[in-house]
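S.K.: Submitted below is the structure of interest, expressed as structure tokens.
2 protein chains.
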Amino acid sequence: MTLAGIYAEQKNNMKAIESRLEKALEAPHPILHEASMNLLRAGGKRIRPLLALISAQYGDPKRPEIIDSAATLELIHMASLVHDDVIDDSDLRRGKPTVKAQWDNRVAMYTGDFIFARAIELISGFDRPEAHRILSRVIRDLSLGEIDQIKELYNWKQNLRCYLLRIKRKTAILMALSCQLGALSSGCTLAVSRRLYYYGYFLGMSYQITDDILDFVGTEKQLGKPAGSDLRNGNVTLPTYYALQKNELHDRIVGILKSENPSEDDWKRVISLIKESGAIQASERLSDRYLQKAKNILDELPVKKATRSLMEIAEYVGKRRY
Amino acid sequence: MTLAGIYAEQKNNMKAIESRLEKALEAPHPILHEASMNLLRAGGKRIRPLLALISAQYGDPKRPEIIDSAATLELIHMASLVHDDVIDDSDLRRGKPTVKAQWDNRVAMYTGDFIFARAIELISGFDRPEAHRILSRVIRDLSLGEIDQIKELYNWKQNLRCYLLRIKRKTAILMALSCQLGALSSGCTLAVSRRLYYYGYFLGMSYQITDDILDFVGTEKQLGKPAGSDLRNGNVTLPTYYALQKNELHDRIVGILKSENPSEDDWKRVISLIKESGAIQASERLSDRYLQKAKNILDELPVKKATRSLMEIAEYVGKRRY
Chain R
1 MTLAGIYAEQ
11 KNNMKAIESR
21 LEKALEAPHP
31 ILHEASMNLL
41 RAGGKRIRPL
51 LALISAQYGD
61 PKRPEIIDSA
71 ATLELIHMAS
81 LVHDDVIDDS
91 DLRRGKPTVK
101 AQWDNRVAMY
111 TGDFIFARAI
121 ELISGFDRPE
131 AHRILSRVIR
141 DLSLGEIDQI
151 KELYNWKQNL
161 RCYLLRIKRK
171 TAILMALSCQ
181 LGALSSGCTL
191 AVSRRLYYYG
201 YFLGMSYQIT
211 DDILDFVGTE
221 KQLGKPAGSD
231 LRNGNVTLPT
241 YYALQKNELH
251 DRIVGILKSE
261 NPSEDDWKRV
271 ISLIKESGAI
281 QASERLSDRY
291 LQKAKNILDE
301 LPVKKATRSL
311 MEIAEYVGKR
321 RY
Chain G
1 MTLAGIYAEQ
11 KNNMKAIESR
21 LEKALEAPHP
31 ILHEASMNLL
41 RAGGKRIRPL
51 LALISAQYGD
61 PKRPEIIDSA
71 ATLELIHMAS
81 LVHDDVIDDS
91 DLRRGKPTVK
101 AQWDNRVAMY
111 TGDFIFARAI
121 ELISGFDRPE
131 AHRILSRVIR
141 DLSLGEIDQI
151 KELYNWKQNL
161 RCYLLRIKRK
171 TAILMALSCQ
181 LGALSSGCTL
191 AVSRRLYYYG
201 YFLGMSYQIT
211 DDILDFVGTE
221 KQLGKPAGSD
231 LRNGNVTLPT
241 YYALQKNELH
251 DRIVGILKSE
261 NPSEDDWKRV
271 ISLIKESGAI
281 QASERLSDRY
291 LQKAKNILDE
301 LPVKKATRSL
311 MEIAEYVGKR
321 RY
């Protein structure tokens with residue numbers, strides 16, 4: 001089964017989620033409506049809902065709350081992206097102007113708050129106390145991740161632990177909880193839902209590291225924004241961290257980063273230094289280690305179609321180049 | 001028992017809440033830390049924690065989760081104020097510059113998100129599923145209230161229902177849930193906690209209407225910001241609504257409001273028109289009706305000290321002039 005095949009199989013559910021999202025984002029206020037609809041139309045891979053749907057196959061995949069859970073997860077993800085763009089001062093996402101660039105920080109603030117409110121509104125209808133606990137946790141972690149990001153911007157001395165905690169909060173926990181909540185919504189056993197949590201967590205760590213690698217090695221066309229955007233915005237990700245560990249490179253890189261108003265040539269130089277330092281390969285190795293851990297968890301799950309689909313998703317995350 | 005007496009009796013609990021707040025707002029990032037500490041030091045009446053503490057006297061007031069609940073409610077309130085100031089473009093609150101005025105909208109966004117994350121973090125530790133449901137609801141309502149506020153800014157044609165829904169979401173629900181959560185945390189009966197919910201709800205409606213009246217009748221010194229700030233920021237509150245109902249006034253008021261760059265004299269004129277229209281008295285009557293409903297609920301509660309304290313708080317809300 002290919003990834004396209006997995007999406008095709010979930011076509012009806014994905015459509016149901018899409019219309020749930022559209023309904024949730026109907027807004028009475030024109031700017032809010034336009035901003036939300038732009039975000040919706042910008043699409044994205046909807047990987048979190050997909051993980052929830054496949055995890056729900058370990059129980060009864062027909063339960064109606066599965067679609068609501070999946071939509072809630074995507075809404076929380078969307079809300080966090082809008083606020084992240086304010087923190088990172090990002091003007092482009094997937095080649096389109098961000099809310100904060102198209103309007104301003106104020107509009108981005110309330111658009112994020114609105115999408116978030118809609119997510120919470122969907123949650124309020126859930127009867128399961130675990131669902132509330134799980135979603136409280138993800139909301140907490142996403143916000144703490146946002147704060148970590150602010151705190152560590154332009155901090156060229158941060159350690160690996162700090163980076164890993166940040167991507168855990170920013171990405172991995174939401175993927176872990178997508179699997180766990182999908183599973184619990186289907187009524188599957190706690191043991192299975194816990195394993196799925198860890199699968200999603202390791203997958204999410206690998207996914208974010210790959211994202212951070214692609215930010216260096218992707219082309220502007222693939223990325224929809226200039227290469228090295230993270231670095232330009234002061235965000236120290238794994239490749240930068242590894243490059244800064246090399247004494248002979250550290251001072252040269254930090255020299256450029258600390259200079260006032262680096263030119264485009266300066267940026268290209270520092271990006272090349274990082275790319276040629278072996279930092280990309282080291283990052284790939286760490287990403288692969290997380291991916292292997294995700295795959296190992298699958299051995300502990302029942303042999304069934306859903307398990308093969310999760311393996312396919314892991315393969316995709318390992319190979320993706322955009 | 002006077003209001004001061006009630007606070008004095010709760011002195012130790014209030015101190016415990018204050019230090020819980022201080023601990024929750026310790027931030028690793030200098031701006032975030034300073035912004036949060038300024039908010040904490042600006043104080044305020046801590047009316048929500050007080051309501052939670054008194055409501056907890058209907059059960060076992062010694063349970064440790066009561067303090068955490070009360071602190072969570074105050075954190076949610078603080079977070080919503082910071083984002084509200086961005087929506088309303090307010091530069092002053094209680095005579096001090098707001099976060100968005102002292103820094104900018106970006107800092108206000110992430111400071112609000114941070115305080116909110118800390119609240120959710122405290123919630124995550126709660127074992128009671130009702131607590132999660134209650135807090136999901138208040139978060140949803142506060143965010144929806146924020147959106148209502150944006151939607152209705154500069155809408156001079158809005159109806160009374162719309163205003164009442166907005167203040168319900170913005171203020172009354174949080175007060176209602178402060179009472180309910182305080183009660184539930186103390187392990188009191190569901191019947192009592194439900195009555196306390198309604199007491200808090202009616203009290204909150206009256207409280208916000210009084211706030212909206214004070215914005216017109218208070219002096220700049222009392223308010224810590226210019227009189228008529230709501231109106232100047234495009235926020236149609238109850239006195240404006242009532243004044244606009246009078247045909248002979250409607251066109252004169254809207255004429256000034258719709259003019260480009262009204263002068264300070266224009267503002268003073270429109271504020272006088274509203275104050276002299278009988279709108280303040282009409283607003284006071286509606287506030288009193290809500291307050292009476294709050295007091296009526298107290299008749300259905302056990303005759304005990306806590307009930308007398310809640311009566312005293314209602315009296316205070318009815319009489320407060322700052």
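Which chain is which? The protein sequence lines are R and G, in order.
The opening position of the first sequence corresponds to residue 1 in full-length UniProt numbering, with each subsequent residue numbered one higher.
The opening position of the second sequence corresponds to residue 1 in full-length UniProt numbering, with each subsequent residue numbered one higher.
All C-beta atoms, glycine included, are put in the ideal place defined by N, C-alpha and C.
Note that the structure is predicted; figures quoted are calculated from it, not measured.
Measuring only the C-alpha atoms, how far is R:Asp251 from R:Leu164?
M.R.: Distance between the alpha carbons of R:Asp251 and R:Leu164 is about 24 Å.
S.K.: Across the stretch 238-246 of chain G and the stretch 147-163 of chain G, are there enough close Cβ pairs to call them in contact, namely three or more that are closer than 8 Å?
M.R.: Cβ pair count under 8 Å is three or more, so yes.
S.K.: May I have the straight-line CA-CA distance separating G:Met14 from R:Glu65, to the nearest angstrom?
M.R.: Approximately 41 Å between the Cα atoms of the pair.
S.K.: Could you name the residues of the same chain whose beta carbon sits closer than 7 Å to that of G:Ala314, not counting the 5 residues immediately before and after it, in chain order?
M.R.: The answer, listed in chain order, is Leu203, Leu291, Ala294 and Lys295.
S.K.: When DSSP labels each residue in this structure, what does G:Lys96 get in the three-state scheme?
M.R.: Strand at G:Lys96.
S.K.: Just list the alpha helix (DSSP H) runs in the stretch 240-319 of chain G, keeping only unbroken ones of 4 residues or longer that don't cross its boundaries, in chain order.
M.R.: 247-258, 264-275, 279-298 and 305-319, all fully within the stretch 240-319 of chain G.
S.K.: Using Cβ-Cβ distances below 7 Å, what residues of the stretch 143-172 of chain G are close to chain R?
M.R.: Answer set for the stretch 143-172 of chain G: Ser143, Leu144, Glu146, Ile147, Ile150 and Lys151.
S.K.: Is R:Tyr110 close to chain G, meaning its C-beta is less than 8 Å from at least one C-beta of that chain?
M.R.: Chain G contact via Cβ: present.
S.K.: Specify, as a first and last residue, the run of the alpha helix (DSSP H) that R:Pro49 falls within.
M.R.: Taken as a continuous stretch (DSSP letters only), the alpha helix (DSSP H) holding R:Pro49 covers Ile47 to Ser55.
S.K.: Once you ignore the five residues that flank G:Tyr198 on each side, which residues in its own chain have a CB closer than 6 Å to its CB?
M.R.: Excluding sequence neighbours, G:Tyr198 sits near Ile297.
S.K.: List, in chain order, every chain G residue whose beta-carbon is nearer than 7 Å to that of R:Phe116.
M.R.: By Cβ distance, chain G contributes Ser143.
S.K.: Going by DSSP in three states, R:Asn105 sits in which element: helix, strand or coil?
M.R.: Helix.
S.K.: Are the C-beta atoms of R:Arg20 and some chain G residue less than 8 Å apart?
M.R.: By this cut-off, R:Arg20 is not an interface position.
S.K.: At 4 residues or longer, and completely inside the stretch 118-198 of chain R: list those alpha helix (DSSP H) runs for me, N to C.
M.R.: Whole alpha helix (DSSP H) segments, 4+ residues: 129-152, 160-167 and 173-185.
S.K.: Check the Cβ-Cβ distances between R:Val254 and every residue of chain G, and say whether any is below 8 Å.
M.R.: By this cut-off, R:Val254 is not an interface position.
S.K.: Kindly indicate which three-state DSSP category residue 323 of chain G falls into: helix, strand or coil?
M.R.: A query on residue 323 of chain G cannot be resolved here, the shown segment of chain G reaching from 1 to 322 and no further.
S.K.: G:Asp91: which of G:Asp113, G:Lys275, G:Asn247 and G:Lys225 sits nearest, CA to CA?
M.R.: Of the candidates G:Asp113, G:Lys275, G:Asn247 and G:Lys225, the one whose C-alpha sits nearest the C-alpha of G:Asp91 is G:Lys225.
S.K.: Please go through the same chain and pick out, in chain order, the residues whose beta-carbon is closer than 6 Å to the beta-carbon of R:Ile76, but skip the five residues on each side of it.
M.R.: Excluding positions up to five away in sequence, the list reads Ala119.
S.K.: Under 9 Å between beta-carbons, which chain R residues line up against G:Ser69? List them in chain order, please.
M.R.: Within 9 Å Cβ-Cβ: nothing; G:Ser69 doesn't reach chain R, min ~14 Å.
S.K.: Measure from the C-beta of G:Asp113 to each C-beta in chain R and report whether the shortest distance is under 8 Å.
M.R.: Yes, G:Asp113 counts as interfacial toward chain R.
S.K.: List, in chain order, every chain G residue whose beta-carbon is nearer than 7 Å to that of R:Ile76.
M.R.: Correct list: empty, because the minimum Cβ distance to chain G is about 12 Å.
S.K.: Just to check my reading of the structure: R:Ala16 and R:Ile67 have Cβ atoms closer than 8 Å, yes? What is that Cβ distance to the nearest angstrom?
M.R.: Confirmed, Cβ separation roughly 5 Å.
S.K.: With a threshold of 8 Å between beta-carbons, can R:Asn12 be considered close to chain G, or not?
M.R.: No, its Cβ sits nowhere closer than 8 Å to a Cβ of chain G.
S.K.: Once DSSP output is grouped into helix, strand and coil, what is the label at R:Ala227?
M.R.: Of the three classes helix, strand and coil, the one that applies to R:Ala227 here is coil, per DSSP.
S.K.: Could you list the residues in the stretch 31-55 of chain G with a C-beta less than 9 Å from some C-beta on chain R, going in chain order?
M.R.: Listed by position, the residues of the stretch 31-55 of chain G near chain R (Cβ gap below 9 Å) are Ile31 and Leu32.
S.K.: Does any residue of chain R have a CB that is nearer than 8 Å to the CB of G:Glu121?
M.R.: With 8 Å as the cut-off, G:Glu121 counts as an interface residue toward chain R.
S.K.: Could you check how far apart the C-beta atoms of G:Leu73 and G:Ala52 are, in whole angstroms? I think they sit under 8 Å.
M.R.: About 6 Å; that satisfies the 8 Å criterion.
S.K.: Taking only beta-carbon positions, decide if R:Gly29 is within less than 8 Å of chain G.
M.R.: Gly is not the amino acid found at residue 29 of chain R; the sequence shown has His there. True, the Cβ-Cβ gap to chain G drops below 8 Å.
S.K.: Would you list, in chain order, the members of the stretch 240-267 of chain R that have their beta-carbon closer than 8 Å to a beta-carbon of chain G?
M.R.: So the list is empty, because no residue satisfies the distance condition.
S.K.: Starting from R:Ser124, find everything on chain G with Cβ-Cβ shorter than 8 Å and list it in chain order.
M.R.: Simply Arg133, Ser136, Arg137 and Arg140.
S.K.: Whose C-beta lies closer than 6 Å to the C-beta of R:Tyr207 among residues of the same chain, with five residues either side of it excluded?
M.R.: For R:Tyr207, where only same-chain residues beyond five positions count, the Cβ hits under 6 Å are Val317.
S.K.: For the alpha helix (DSSP H) holding G:Met1, just list the boundary residues, first then last.
M.R.: First-last for G:Met1: undefined, no H or E at that position.
S.K.: Since G:Asp148 and G:Arg166 are thought to touch, with beta carbons under 8 Å apart, how far apart are those beta carbons, to the nearest angstrom?
M.R.: So it is a contact: roughly 4 Å between Cβ atoms.
S.K.: Would you verify that the beta carbon of R:Arg320 is, or is not, closer than 8 Å to some beta carbon of chain G?
M.R.: It does not: the Cβ of R:Arg320 has no partner Cβ on chain G nearer than 8 Å.
S.K.: Considering only the beta carbon of each residue, do G:Leu25 and G:Ile139 sit closer than 8 Å?
M.R.: No.
S.K.: Span of the alpha helix (DSSP H) holding R:Val86?
M.R.: Start and end: Glu65 to Asp88.
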